[in-house]
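Numbering (the numbering used here), first residue to last: 30 to 214.
C-beta atoms are modelled at their ideal positions from N, C-alpha and C, and glycine is treated no differently.
The structure appears right after this line, and notes come after that.
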């Protein structure tokens, strides 16, 4: 696994060992960034089930100014921090060990600015993406025109509209489905 494009291009990233995680492959990562725009003029990203931090690191490499990486696994947090250290720009990243729901509540309580880009890649067996999008929307954590990128198994189908966000893209790659929602301005 590596950073595909941008400032950190070519840097090799570590991933978690074992069957509890499913790292986003380079092919899927490339597809995601082709769907949402390959480069960004700043903005913020929330990676809510961060795993290795690869999606957030890729986004910052491509121009996002600030990333918040959330994972509830201690081992994942260690890998995320090691991968962020490879960027040599650790100040662009915040890493928190907590569940997605705890993170949403805490970020909202802190008055965190809404995110321009949010990645949702929960374990396939624990997907509650529609509920999570609703919680993010209710907490005011999705910026106007903000995008929520969902990585699921290919059998997952979403409604066209979830909590006021419109489904704008939907592609299947092997066993993986990528669905992109966007908030109206």
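One thing to note: residue 149 has its Cβ within 9 Å of the Cβ of residue 77. Secondary structure note for residue 165: its alpha helix (DSSP H) is the uninterrupted segment 158 to 167.
In the three-state DSSP reduction, residue 62 falls in the helix class (H, G or I).
Closest by C-alpha distance to residue 176, out of 141, 117, 213, is 213. Boundaries of the alpha helix (DSSP H) around residue 103: 103 to 114. For a cut-off of 8 Å, the C-beta gap from residue 86 to residue 61 is around 13 Å, too long to register as a contact.
Residue 147 places its beta carbon 9 Å or farther from that of residue 109. Taking the Cα of residue 157 as reference, the smallest distance to any Cα among 141, 182, 135 is reached at 182. A direct Cα-to-Cα measurement between residue 82 and residue 180 gives close to 14 Å. For the pair residue 69 and residue 92, the CB atoms are nearer than the 9 Å cut-off. Taking the C-beta atoms as reference points, residue 133 is found nearer than 9 Å to residue 164. Around the Cβ of residue 128, a 10 Å sphere holds fewer than 16 other Cβ atoms; the residue is exposed. In the DSSP secondary-structure assignment, residue 117 is not bridged to any residue.
9 Å or more divides the Cβ of residue 117 from the Cβ of residue 103. Here residue 205 is near residue 57, since their CB atoms are less than 9 Å apart. Proximity to residue 46 across 137, 35, 135, 105 peaks at 105, based on C-alpha coordinates.
The straight-line gap separating the alpha-carbon atoms of residue 188 and residue 209 is approximately 12 Å.
Rounded to whole angstroms, the Cβ separation of residue 35 and residue 79 is 18 Å, and the two are not in contact under 8 Å. The alpha-carbon separation between residue 207 and residue 137 amounts to approximately 26 Å.
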